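According to the UniProt record's numbering, the sequence shown is numbered sequentially starting from 1.
Where a beta carbon is used, it is the ideal one built from N, C-alpha and C, also for glycine.
No experiment lies behind these values; they were computed from the predicted model shown.
To start, the structure itself, in structure tokens.
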Amino acid sequence: RILEFLTERNLDHQTFMYFTSDNGAHLEETSASGAIHSGSNGIYKGGKSTSWEGGIRVAGLVRWPGRLQAGSSISEPTSNMDIFPTVAKLSGGSLPND
């Protein structure tokens, strides 16, 4: 729906979009009614609120027409805690040494 909205307004070819998740699934939590809910991080240890792989490995999808080739990927890890280095890398920018 977001892309449709941008397309209808002829903004889809000049908009940088970054979709991601929020740091892995909950391992287990109990709702107010007492029901137990949990998620899965597959083979990765840990989950949300941990620094283990299951808490930090999340998908990141970027769309930037005219700047990024569709289907391309980067090998460096990214983090929601600081997306600036990721955006700088994708845009061809440089980072300060400090």
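For L61, the pairing in a beta bridge is given by DSSP as F19. N97 counts as exposed, since fewer than 16 other C-beta atoms from the protein chains shown sit within 10 angstroms of its C-beta. Only buried fits A25, as 16 or more other CB atoms lie within 10 angstroms of its CB. Taking every protein chain shown into account, the CB of G93 has fewer than 16 other CB atoms within 10 angstroms, so this residue is exposed. Boundaries of the alpha helix (DSSP H) harbouring E8: 2 to 8, taken from the DSSP string. By the Cβ test, the stretch 14 to 32 is in contact with the stretch 47 to 59, since at least three Cβ pairs between them sit closer than 8 Å.
Cβ atoms of E28 and S38 come within 8 Å of each other, at about 4 Å.
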